[in-house]
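Structure first, commentary second.
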Amino acid sequence: MKTSYYPGCTLKTKARNLEDAALASLAALSIEVEELERWNCCGAVYSLADDDLIHQVAPVRNLVRAKDAGAGRVVTLCAQCYNVLARGNLLMREDEDKRRTLNMFMEEETDYHGEVEVVHYLDLLREEAGWDRLRRQVRVPLEGLRVAPFYGCALLRPHEIGVGGQGNRPTIMQDLLTALGATPVEFPLMQECCGAYEIVANPAQSLERSARVVASALGCGVDAMVLSCPLCEYNLGKKQGAAARSVPALPVYYFTQLLAVALGLGPASCRFDLNMVGARALLERRGFLDASIAV
Amino acid sequence: MAVQMLLSELDETILHKVAEISNQNIYRCMQCGTCTAVCPMVTDMEITPQRVVALLQHGIVDPLMESRTPWLCASCLTCQVRCPRGIELPRVMEAIRQLMLRRRHDQLSPRSIPSASLAELPQIALVAGFRKLTG
Chain G
282 MKTSYYPGCT LKTKARNLED AALASLAALS IEVEELERWN CCGAVYSLAD DDLIHQVAPV
342 RNLVRAKDAG AGRVVTLCAQ CYNVLARGNL LMREDEDKRR TLNMFMEEET DYHGEVEVVH
402 YLDLLREEAG WDRLRRQVRV PLEGLRVAPF YGCALLRPHE IGVGGQGNRP TIMQDLLTAL
462 GATPVEFPLM QECCGAYEIV ANPAQSLERS ARVVASALGC GVDAMVLSCP LCEYNLGKKQ
522 GAAARSVPAL PVYYFTQLLA VALGLGPASC RFDLNMVGAR ALLERRGFLD ASIAV
Chain D
5 MAVQMLLSEL DETILHKVAE ISNQNIYRCM QCGTCTAVCP MVTDMEITPQ RVVALLQHGI
65 VDPLMESRTP WLCASCLTCQ VRCPRGIELP RVMEAIRQLM LRRRHDQLSP RSIPSASLAE
125 LPQIALVAGF RKLTG
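And the structure:
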């Protein structure tokens with residue numbers, strides 16, 4: 282099955298680290314994906330207004346592109362993009378009236394009926410590689426690294442589109458971390474919203490929420506946190522220390538960066554310069570970035 | 005919080021609009037309060053999610069139009085997945101937001117964002133913020 286890749290706007294610039302590590306890892310695992318041509322911004326949030334379909338055009342058009350490319354599925358990394366595309370896809374599959382309206386509106390485009398599957402990178406990894414194969418390809422086991430998996434909201438809710446298909450009890454990130462040799466540490470707020478766009482509108486309140494999430498992880502004794510969204514990474518990572526409540530620093534990575542490091546691809550594919558201060562340093566101290574280790 | 009109710013003030017048009025935009029039947033709500041219990045933004049909301057629905061059930065919309073609650077909602081859907089009645093509360097919040105936004109009461113202005121923030125914010129924050137908080 283051909284797999285298209287939808288990056289989304291932020292992954293080409295500020296979240297280049299998420300993308301570079303992800304694509305390098307796919308190559309190392311011989312999983313082929315092809316970036317969509319002419320993709321557009323998905324809109325970042327799924328419109329919840331039932332009477333206004335114009336906001337659905339952006340995500341649906343990307344799905345049309347995937348169909349035009351002959352792809353059976355489109356994979357994405359950013360949790361927000363995943364959420365919007367997956368829910369847009371559900372809409373096109375389940376609501377006949379809205380599907381007709383949107384196809385008629387986009388009359389110059391191919392008609393779309395939900396033919397393409399929207400998958401998150403984690404699900405693609407599990408389906409195409411599987412944890413056993415991944416474990417065998419690990420060159421730099423992340424031994425002793427206690428990692429908090431942060432899902433946030435967009436990867437999980439609504440449950441119809443939740444990654445791993447596990448509803449309220451996702452384990453897919455934990456399974457990945459275990460395969461990489463790390464120790465996943467579940468924590469109470471791992472499914473809580475980081476604050477998302479409230480960082481723009483109500484920054485003080487949003488930062489307080491983010492600080493709570495980080496504190497919750499630290500309370501379980503972790504060395505690091507991983508996540509899958511540039512906005513989560515900004516709220517929980519880069520803006521650590523900006524909240525009124527003070528929280529000790531916790532290095533935050535995209536899960537793809539730990540994946541790339543564990544596969545022995547080294548820091549070159551990870552763009553740690555785009556992470557928060559201290560992120561690269563932790564991995565260096567633990568010897569995971571030592572070039573001589575990777576075969 | 006005490007709210008005075010007068011039957012003559014029941015605003016059916018706006019209630020219909022909320023129902024139309026949200027496609028939700030808020031009369032299913034049994035006021036269990038789970039939505040409020042799980043909401044990550046609730047501590048800053050002067051009207052809790054549970055109260056929002058209670059007010060709507062009684063046809064009272066004005067306090068909601070003036071409340072910070074719909075604008076603090078991060079659309080995280082935790083309330084939705086927990087509601088025992090299957091009410092999609094985020095859609096109700098969106099409807100209240102749309103009632104204001106379609107009257108051109110934008111909640112976010114590009115000029116209000118410090119340039120330092122603009123430089124460092126991921127694009128999705130701005131796209132999402134403007135889509136949710138402006139008309």
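Protein chains in written order, with my numbering: chain G, 282 to 576; chain D, 5 to 139. From the three backbone atoms N, C-alpha and C, an ideal C-beta is built for every residue, glycine too. Predicted model only: the values in this text are computed from it and were never measured.
Contact set between the region 31-57 of chain D and chain G, restricted to residues whose Cβ is under 7 angstroms from the partner: Answer set for the region 31-57 of chain D: 44, 45, 48.
Closer than 7 angstroms at the beta carbon, the chain D residues around residue 482 of chain G: The residue you call residue 482 of chain G lines up with position 201 of the first sequence. Within 7 angstroms Cβ-Cβ: 75, 111, 112, 133, 137.
For residue 118 of chain D, three-class secondary structure by DSSP: Taking the second sequence and counting its residues from 1, the one referred to as residue 118 of chain D is at position 114. Residue 118 of chain D: coil per DSSP, three-state reduction.
Contact check, residue 444 of chain G vs residue 436 of chain G, beta carbons under 8 angstroms: What you label residue 444 of chain G is simply residue 163 of the first sequence in a count that begins at 1. What you label residue 436 of chain G is simply residue 155 of the first sequence in a count that begins at 1. At a Cβ-Cβ threshold of 8 angstroms, residue 444 of chain G and residue 436 of chain G count as neighbours.
Buried or exposed (CB count within 10 angstroms, at least 16 for buried), residue 84 of chain D: The residue labelled residue 84 of chain D in the question sits at position 80 within the second sequence. Residue burial annotation: residue 84 of chain D is buried, with at least 16 other C-beta atoms found within 10 angstroms of its C-beta.
The region 500-507 of chain G / the region 354-364 of chain G touching (three or more Cβ pairs under 8 angstroms): Below 8 angstroms, too few C-beta pairs join the region 500-507 of chain G and the region 354-364 of chain G to call them touching: fewer than three.
As assigned by DSSP and simplified to three states, the class of residue 534 of chain G: For this step, residue 534 of chain G is matched to residue 253 along the first sequence. Note: residue 534 of chain G maps to strand in three-state DSSP.
Against chain D: residues of the region 470-504 of chain G by CB proximity under 7 angstroms: Of all residues in the region 470-504 of chain G, 473, 474, 476, 477, 478, 479, 480, 481, 482, 483, 486, 490 have a Cβ within less than 7 angstroms of some Cβ in chain D.
Minimum Cβ-Cβ distance from residue 29 of chain D to chain G less than 8 angstroms: For this step, residue 29 of chain D is matched to residue 25 along the second sequence. Cβ-Cβ to chain G under 8 angstroms: no for residue 29 of chain D.
Rounded separation between residue 95 of chain D and residue 287 of chain G - CA only: Taking the first residue of the second sequence as position 1, residue 95 of chain D is located at position 91. Taking the first residue of the first sequence as position 1, residue 287 of chain G is located at position 6. Distance between the alpha carbons of residue 95 of chain D and residue 287 of chain G is about 27 angstroms.
Chain G within 8 angstroms of residue 12 of chain D, Cβ atoms only: For the purposes of this step, residue 12 of chain D is identified with residue 8 of the second sequence, where counting begins at 1. With a pLDDT of only 49 at residue 12 of chain D, under the threshold of 50, the placement of this residue in the model should not be trusted; the figure read from the coordinates follows. Chain G contact via Cβ: absent.
Classification of residue 558 of chain G by the beta-carbon crowding that lies within 10 angstroms, buried from 16 upward: Taking the first sequence and counting its residues from 1, one reaches residue 558 of chain G at position 277. So residue 558 of chain G counts as exposed.
With 16 other Cβ atoms within 10 Å as the buried cut-off, status of residue 36 of chain D: Position 32 of the second sequence holds residue 36 of chain D. With fewer than 16 other Cβ atoms within 10 Å, it is exposed.
The region 340-350 of chain G / the region 306-322 of chain G touching (three or more Cβ pairs under 8 angstroms): Because the criterion of three Cβ pairs below 8 angstroms is met, the region 340-350 of chain G and the region 306-322 of chain G touch.
DSSP three-state assignment for residue 440 of chain G, whether helix, strand or coil: Position 159 of the first sequence, counted from the first residue, corresponds to residue 440 of chain G. Three-state result, residue 440 of chain G: helix.
Beta-carbon contacts of residue 490 of chain G that lie in its chain and below 6 angstroms, excluding the five residues immediately before and after: The residue labelled residue 490 of chain G in the question sits at position 209 within the first sequence. Counting only Cβ-Cβ distances below 6 angstroms, and skipping sequence neighbours, we find 476.
Chain-order list of residues whose beta-carbon lies under 8 angstroms from that of residue 44 of chain D (same chain, five-residue window excluded): The count along the second sequence starts at 1 and reaches residue 44 of chain D at position 40. 78, 80, 82, listed in sequence order.
Closer than 8 angstroms to chain D by CB, residue 554 of chain G: Here the question's residue 554 of chain G lines up with position 273 in the first sequence. At a cut-off of 8 angstroms between beta carbons, residue 554 of chain G makes no contact with chain D.
Closer than 8 angstroms to chain G by CB, residue 127 of chain D: Counting from 1 along the second sequence, the entry for residue 127 of chain D is found at position 123. Yes - at least one Cβ of chain G is within 8 angstroms of the one on residue 127 of chain D.
Residues from the region 327-357 of chain G in contact with chain D, defined by Cβ distance under 9 angstroms: Within the region 327-357 of chain G, the residues whose Cβ lies closer than 9 angstroms to any Cβ of chain D are, in chain order, 327, 328, 329, 330, 331, 332, 333, 336.
Spatial neighbours of residue 16 of chain D in its chain, beta-carbon cut-off 8 angstroms, leaving aside the 5 residues before and after: Residue numbering aside, residue 16 of chain D sits at position 12 when the second sequence is read from its first letter. Here the set comprises 63.
Assigned secondary structure, residue 430 of chain G (DSSP; H/G/I helix, E/B strand, else coil): Here residue 430 of chain G refers to the residue found at position 149 of the first sequence. Residue 430 of chain G falls in the strand class under three-state DSSP.
Neighbour-count burial assignment, residue 601 of chain G, 16 or more Cβ in a 10 Å radius: Nothing can be reported for residue 601 of chain G, as the shown portion of chain G is limited to 282 through 576.
Under 8 angstroms between C-beta atoms of residue 495 of chain G and residue 464 of chain G: For this step, residue 495 of chain G is matched to residue 214 along the first sequence. For this step, residue 464 of chain G is matched to residue 183 along the first sequence. When the beta-carbon positions are compared, residue 495 of chain G and residue 464 of chain G stay at least 8 angstroms from each other.
Beta bridge counterpart(s) of residue 508 of chain G as assigned by DSSP: Residue 508 of chain G sits at position 227 when you count from the first residue of the first sequence. The partner list for residue 508 of chain G (beta bridge, DSSP) reads G:535.
Endpoints, the alpha helix (DSSP H) within which residue 407 of chain G is located: Along the first sequence, read from residue 1 onward, the residue named residue 407 of chain G stands at position 126. That run of the alpha helix (DSSP H) goes 402-409.
Local Cβ density within 10 Å of residue 525 of chain G, reported as buried at 16 or more and exposed below that: Taking the first residue of the first sequence as position 1, residue 525 of chain G is located at position 244. If you draw a 10 Å sphere on the C-beta of residue 525 of chain G, you find fewer than 16 other C-beta atoms in it, and that means exposed.
Residue 89 of chain D (DSSP reduced to helix, strand or coil): Sequence index remark: in the second sequence, residue 89 of chain D carries index 85 (1-based). DSSP places residue 89 of chain D in coil when its eight states are reduced to three.
Min CB distance residue 100 of chain D to chain G below 8 angstroms: The residue labelled residue 100 of chain D in the question sits at position 96 within the second sequence. No, its Cβ sits nowhere closer than 8 angstroms to a Cβ of chain G.
Near-chain D residues of the region 416-447 of chain G - C-beta to any C-beta below 7 angstroms: Answer in chain order: 434, 438, 439, 440.
Residue 333 of chain G versus G:308, G:380, G:316, residue with shortest Cα-Cα distance: On the first sequence, position 52 is the one that residue 333 of chain G refers to. Closest by alpha carbon: G:380.
Exposure of residue 293 of chain G, with buried meaning 16 or more beta-carbon neighbours within 10 Å: Residue 293 of chain G sits at position 12 when you count from the first residue of the first sequence. Counting Cβ neighbours within 10 Å, residue 293 of chain G comes out exposed, since fewer than 16 surround it.
Contact set for residue 310 of chain G: own chain, Cβ-Cβ below 6 angstroms, skip 5 residues either direction: Residue 310 of chain G sits at position 29 when you count from the first residue of the first sequence. So the list reads 410, once near-sequence residues are dropped.
Backbone CA spacing between residue 517 of chain G and residue 492 of chain G [nearest angstrom]: Position 236 of the first sequence, counted from the start, is the residue given in the question as residue 517 of chain G. Position 211 of the first sequence, counted from the start, is the residue given in the question as residue 492 of chain G. Distance between the alpha carbons of residue 517 of chain G and residue 492 of chain G is about 7 angstroms.
CA-to-CA distance, residue 542 of chain G to residue 305 of chain G, given in whole angstroms: On the first sequence, residue 305 of chain G is found 24 positions in, with the first residue counted as 1. On the first sequence, residue 542 of chain G is found 261 positions in, with the first residue counted as 1. Straight-line Cα distance between these residues: approximately 10 angstroms.
Contact check, residue 472 of chain G vs residue 535 of chain G, beta carbons under 8 angstroms: Here the question's residue 472 of chain G lines up with position 191 in the first sequence. Here the question's residue 535 of chain G lines up with position 254 in the first sequence. Not in contact: residue 472 of chain G and residue 535 of chain G (Cβ atoms no closer than 8 angstroms).
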